[in-house]
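Colleague: Under our numbering, think of the first position of the sequence shown as -12, with each following residue one higher. Glycine residues also receive a C-beta, built at the ideal position from the N, C-alpha and C atoms.
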Amino acid sequence: MPTFKFEALDTTGTEVKDSVEAGSEEEASQKIKAMGYFVTKLTAQQKSGGKKKGGGKKKSRKTFALGGASAKKLTLFTRQFSVLQDAGLPVLRSLRILEKQMKPGALKNSLIDVVEDVESGMTLSEALGKHPKCFDRLYVNMVRAGEAGGALEVILQRLADFKEKSQGLKRKIVGAMVYPSVVIMVAVSILMFIMVMIIPKFKKIFDEFGLQLPWATQTLIKISDWMVNYWYFVPLFPVSIYLMLKLIRMSKAGNYALDRMVLWIPVVGGLVEKTIVARTMRTLGTLISSGVPILEALTIVRETANNVVFERMFQRVLESIREGETIADPLREARLVDDMVVNMVEVGEETGDLDTMLYKVADFYDEEVDVLVKSLISLLEPIMIVFLGLVIGAIVISLFLPLIKLLEGLSK
């Protein structure tokens, strides 16, 4: 009968290493649970002198992939992993099942390595930590906390819930921006067509009749001539702006100034602020409820803020905790979040129920973001219609003013 080496946690959280004989992984897992242990690792022990079928090196199943795992794939993997763990399957078998059913890509390549590392005796968190492009610090630290507390399936469920909430928030914002983006692109394309193809034909007519053109028509023709001769500058314009912003962000002062300016933009600044608050509060609440130390949790939250202004705020919070003070005071001094957030955090610290309060703040701000996105879309629609109407109206008036003069001259 095969022998299985295992690592487990007893009811007090103490790590236990031993071996058990069983006919299969499932049977071994059941035997270990019957002993009163929680399995964290289970590996089949190779017989001495035994050789794998086919001999030689195992053929690599990895495929070429650039970048890291997409948020959607990682969210699905986490949810499936949590379901398998909740069903009582060993970690290694769960990983093998998920790796085999996964489509080729960065995440599959990482899971192949994770399976091999866990088989060799490495903990799951250590194996995941070797692939930062797929599993960030938040992910690894929560898994580590789950292993230490003997509640990996609970932590994975929380992590899956967190990932799904984050994905839902991102989908709301991206989905809401699709319509105005498409309208702007179509409008720019139509204006480009008018400037490059239509206006030069009107210019030819005006030149043939030798008309004295009003300043509006002259300006329009000059713009058209520039676009005909230098059309390639139009797509280069957004690229140059993007590169300029990248250069500015290379300095700390420039990076801070840009992030601060974004927060000052009407409506958009409020949306960015509430999105960051919702994301960071949910992240902090998830880490604290999962047993991650508060200093480590705040460090992770600071790194996931994606805004230098908020990063500095969380750095002050981190320093406050190190000095034995509260989270609420530096939040109040920063004046970046509403008083409601500060008061709820303060109540959470006083009652020892900080994670629950942080979840409530995150849920509230998720709804606020949804309302703000809808109001932004409703505001953008009339602005775009009015702007396009003014531009098209100006073009039409500029073209028809000389034609009216021409008709008046022919009628005399």
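1) With distance defined between alpha-carbon atoms, name the residue in E336, D325, L323, F68 nearest to I308.
2) State the start and end residues of the unbroken alpha helix (DSSP H) segment that holds S168.
3) Starting from D5, follow its DSSP beta bridges and name the residues at the other end.
4) Could you tell me which residues DSSP pairs with F25 in its beta bridges?
5) Measuring only the C-alpha atoms, how far is G36 from A9?
6) For Q144, count the other beta carbons within 10 Å of its own beta carbon; 16 or more makes it buried, fewer makes it exposed. Which is it?
7) Skipping 5 residues on each side, what residues in its chain have a beta carbon closer than 8 Å to that of I19?
8) Taking just the CA atoms, how far does T206 sit from L220?
9) Does the pairing of the segment 272 to 284 with the segment 331 to 349 give three or more beta-carbon distances under 8 Å?
10) Could you compute how far the alpha carbon of F301 sits from the alpha carbon of N293?
11) Where DSSP assigns a beta bridge to T286, which residues make up the other side?
12) Just list the residues that DSSP pairs A31 with in beta bridges.
13) Is it buried or exposed for Y352, if we count other Cβ within 10 angstroms and need 16 for buried?
14) To the nearest angstrom, how far is it from the Cα of E290 to the Cα of E320?
15) Just verifying my parser: in three-state terms, what is the DSSP assignment at D357?
16) Over what stretch of residues does the alpha helix (DSSP H) that includes Y229 continue unbroken?
17) Can the beta-carbon of I142 be found closer than 8 Å to that of V130?
18) Take A203 as the anchor and find which of I84, V161, P389 has the nearest alpha-carbon.
19) T270 and F297 - do their beta-carbons sit closer together than 8 Å?
20) With C-beta atoms as the reference, is V259 less than 8 Å away from L250?
21) Which residue marks the beginning of the alpha helix (DSSP H) containing S97, and which one marks its end?
22) Do you know offhand how far G272's Cα is from A31's?
23) In chain order, what residues of the same chain lie with their CB nearer than 7 Å to the CB of L111, ignoring the 5 residues before and after it?
24) Give the range of the alpha helix (DSSP H) segment to which I263 is assigned.
25) For P280, report the span of its alpha helix (DSSP H) as first-last.
Modeller: The short version:
1) E336
2) 139 to 180
3) F(-7)
4) L(-4)
5) Per-residue confidence for G36 stands at a pLDDT of 42, beneath the threshold of 50, marking its modelled position as unreliable; the derived number appears in the next sentence. So the alpha carbons of these two residues sit roughly 21 Å apart.
6) buried
7) F(-7), A(-5), V7, V26, L29
8) Reading off the sequence shown, one finds Phe at residue 220, where the question assumed Leu. C-alpha separation (whole angstroms): 19 Å.
9) yes
10) 12 Å
11) BP columns for T286 are empty, so no partner.
12) F(-9)
13) buried
14) 20 Å
15) helix
16) 220 to 236
17) yes
18) P389
19) no
20) yes
21) 93 to 106
22) 38 Å
23) V78, V105, V130, E134
24) 255 to 276
25) First-last for P280: undefined, no H or E at that position.
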